[in-house]
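Only one structure is covered here, and it is reproduced in the block below.
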Amino acid sequence: MDKISICIVGLGRAGRFHLDSILKLNQFELLYIVDPVNKRKDINNDLPENVVFTASLDEAISNPNLDAVIVSSPTQSHYDYIIQALENGKHVFTEKPLGKSSEDIIKCFDLASDKNLALYVGFQRRYDVNFNELKAQINQFGAPRMIKISSRDNPKPSIEYLKNSGNIFHDMLIHDFDMLIYLLGERIPESVYVLSHAYDPEIAAIPDFDTVVVSIKYADGLMCTIDTSRTSPYGYDQRIEIFAEEGMVIAENQRNNTVEIHTETGKQQAPANYSFPTRYADCYLKEIIHFGEGIYHGENFNITKRECILAHQIAESCHESAQKNTAINFKFWYDH
Ligand SMILES: NC(=O)c1ccc[n+]([C@@H]2O[C@H](COP(=O)([O-])OP(=O)(O)OC[C@H]3O[C@@H](n4cnc5c(N)ncnc54)[C@H](O)[C@@H]3O)[C@@H](O)[C@H]2O)c1
């Protein structure tokens with residue numbers, strides 16, 4: 032294979048950052064954009080003339096020259112697109128989630144494995160230099176005892192998006208659950224407890240929550256809290272603190288610049304990045320580079336099936352805890 036010919040399914044917020052990556056990378060050739068809305072006129076001049084806009088994946092998938100598909104369409108459509116692409120012999124990079132259930136996730140991974148195809152999942156925070164360094168340091172200071180994650184989105188997504196997102200646990204917090212799995216390995220929680228509220232009446236009406244505090248406890252005593260919000264007035268806020276037996280490690284927010292101004296009124300500094308496309312721009316590029324390398328080198332997965340199922344089941348248990356307003360003993364039912 033010379034260039035990897037590729038198709039992007041869904042050209043919204045996520046599709047746009049994947050389009051930017053594909054247009055920057057020589058190893059890919061974009062053949063199709065699948066979206067019910069033809070967005071050609073909204074895209075800058077770098078888009079090659081021969082890219083075909085189509086409303087259905089069928090046309091792209093029947094092209095034997097197409098090697099791979101990026102799935103960045105609305106959440107509820109991922110599973111069918113992933114299965115359709117894999118069944119037709121195409122490598123897949125997909126935004127989370129893969130499907131609605133653990134069974135869906137298992138089917139996607141098993142099909143990719145049977146067909147010897149790449150199936151990469153867009154948990155982009157794993158490609159972030161700050162969190163990579165946090166992982167490198169996590170065992171340098173004795174056993175971790177407490178982990179605090181703040182994960183506050185900005186700006187509020189459209190209400191249409193939120194209605195189709197699953198819920199805040201599967202849509203937003205899933206990235207934080209994946210981050211815990213990335214940092215701690217496939218450690219299984221013992222229990223979860225969630226406090227949650229919807230301040231925003233539109234979100235309350237879905238019904239969903241916009242503000243959540245998750246507590247997770249592990250068998251050795253390690254306690255993790257994640258506080259999350261759908262909005263954050265001062266910018267995109269994502270910090271992690273690990274408190275361990277012999278020290279503490281912190282990954283701070285990325286700011287627009289590092290200049291601090293000190294005067295008699297105190298300290299001023301640039302705000303945190305505005306939103307995820309700027310905060311994780313380099314990660315979105317790296318994950319697609321990694322996908323291309325996976326295809327060239329015959330590596331099927333960037334994240335294991337077990338890790339994806341674990342993140343999904345933590346999200347399920349947290350949702351249950353929020354609904355019942357009680358602690359849930361966590362049971363991981365998939366193991367082999
Ligand atoms: N990893 C991340 O940081 C990240 C960030 C944003 C979104 N996402 C994920 O990406 C997915 C898309 O989210 P978004 O924010 O880009 O949504 P969006 O609403 O901005 O865009 C969705 C796009 O898909 C198109 N679309 C609608 N129905 C379609 C269909 N059946 N087939 C193909 N295209 C269709 C819409 O016209 C639109 O262009 C979601 O599943 C979300 O979880 C991930």
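For the sequence shown, my numbering gives the first residue as 32, with consecutive numbering after it.
Glycine included, every Cβ here is placed at the ideal spot set by N, Cα and C.
Among Ala149, Gln115, Asn94 and Asp366, which has the Cα closest to the Cα of Tyr327?
-> Per the Cα distances, Ala149.
So what's Ser227 in DSSP terms, helix, strand or just coil?
-> Three-state result, Ser227: strand.
Sufficient close CB pairs (3 or more, under 8 Å) joining the segment 86 to 105 to the segment 43 to 52 = A contact exists between the segment 86 to 105 and the segment 43 to 52.
Can the beta-carbon of His350 be found closer than 9 Å to that of Asn198?
-> With respect to Asn198, His350 sits close: the two C-beta atoms are nearer than 9 Å.
By a C-beta neighbour count over all protein chains shown, 10 Å radius and 16 as the cutoff for buried, is Met210 buried or exposed?
-> The residue is buried, with at least 16 neighbouring Cβ atoms inside 10 Å.
Contact set for Asp207: own chain, Cβ-Cβ below 8 Å, skip 5 residues either direction | Cβ within range, chain order: Ile180, Ser182, Val245, Ile257 and Thr259.
Using a threshold of 8 Å, is the CB atom of Leu150 nearer than that to any non-hydrogen atom of ligand 2?
-> No copy of ligand 2 occurs in the structure displayed; its ligands are ligand 1 alone.
Counted within 10 angstroms of its Cβ, other Cβ atoms place Gly130 as buried (16 or more) or exposed | Buried, since its Cβ has 16 or more Cβ neighbours within 10 Å.
For the putative contact between Ile39 and His49, defined by C-beta atoms under 8 Å, what is the C-beta separation to the nearest angstrom?
-> With a Cβ gap of about 6 Å, Ile39 and His49 count as contacting.
Should Glu338 go down as buried or exposed, given a rule of 16 or more other Cβ atoms within 10 Å for buried?
-> Flag for Glu338 reads buried.
Assign Ile340 to one of two classes, buried (16 or more other C-beta atoms within 10 Å of its C-beta) or exposed (fewer than that).
-> By the 10 Å Cβ count, Ile340 comes out buried.
Please confirm whether any heavy atom of ligand 1 lies closer than 8 Å to the CB of Tyr112.
-> Proximity of the beta carbon of Tyr112 to ligand 1 is indicated: a heavy atom of the ligand is located closer than 8 Å.
Check: His206 C-beta below 8 Å from any heavy atom of ligand 1 = True, at least one ligand heavy atom lies under 8 Å from that Cβ.
If you compare alpha carbons, which of Leu316, Tyr158, Ile74 and Tyr267 is closest to Asp184?
-> Ranked by how close their Cα comes to the Cα of Asp184, the residues Leu316, Tyr158, Ile74 and Tyr267 have Tyr267 in first place.
Report the partner residues of Gly278 according to the DSSP bridge assignment.
-> Residue pairing by DSSP places Gly278 opposite Ala275 in a beta bridge.
Which runs of the beta strand (DSSP E) spanning at least 3 residues fall entirely within the segment 95 to 139, listed in chain order?
-> As far as the segment 95 to 139 is concerned, its whole beta strand (DSSP E) runs of at least 3 residues are 99 to 102 and 122 to 125.
Starting from Gln171, follow its DSSP beta bridges and name the residues at the other end.
-> Answer is Gly173, bridged to Gln171.
With a threshold of 8 Å, establish whether the CB of Thr259 neighbours any heavy atom of ligand 1.
-> Proximity of the beta carbon of Thr259 to ligand 1 is not indicated: no heavy atom of the ligand is located closer than 8 Å.
Leaving out the 5 sequence neighbours to the left and right, which residues in its chain are closer than 7 Å to Asn284 when beta-carbon positions are compared?
-> Closer than 7 Å at the Cβ level, and outside the excluded window around Asn284, lie Asp268, Gln269, Arg270 and Ala303.
Where are the alpha helix (DSSP H) runs, 4 residues long or more, that stay fully inside the segment 292 to 336, in chain order?
-> Listed in chain order, they are 307 to 310 and 312 to 328.
What number of angstroms, rounded off, separates the C-alpha of Asn331 from the C-alpha of Ile53?
-> About 20 Å.
Among Lys138, Ala235 and Asp159, which one has its Cα closest to the Cα of Glu118?
-> For Glu118, the closest C-alpha among the options Lys138, Ala235 and Asp159 is that of Lys138.
Sequence-distant residues of its chain with Cβ nearer than 8 Å to Ile334 (five each side left out) | Non-local C-beta neighbours of Ile334 in its own chain, meaning closer than 8 Å and more than five positions away in sequence, comprise Tyr151, Val152, Phe154, Arg157 and Asp209, ordered along the chain.
Is there at least one non-hydrogen atom of ligand 1 closer than 8 Å to the beta-carbon of Phe59?
-> No, since every heavy atom of ligand 1 falls outside the 8 Å radius drawn around the Cβ of Phe59.
Best match in Thr262, Asp73 and Leu253 for proximity to Thr242 [C-alpha to C-alpha] | Per the Cα distances, Thr262.
Is it true that the CB of Phe274 sits closer than 9 Å to the CB of Ile212?
-> In this structure, Ile212 lies away from Phe274, with their beta-carbon atoms at least 9 Å apart.
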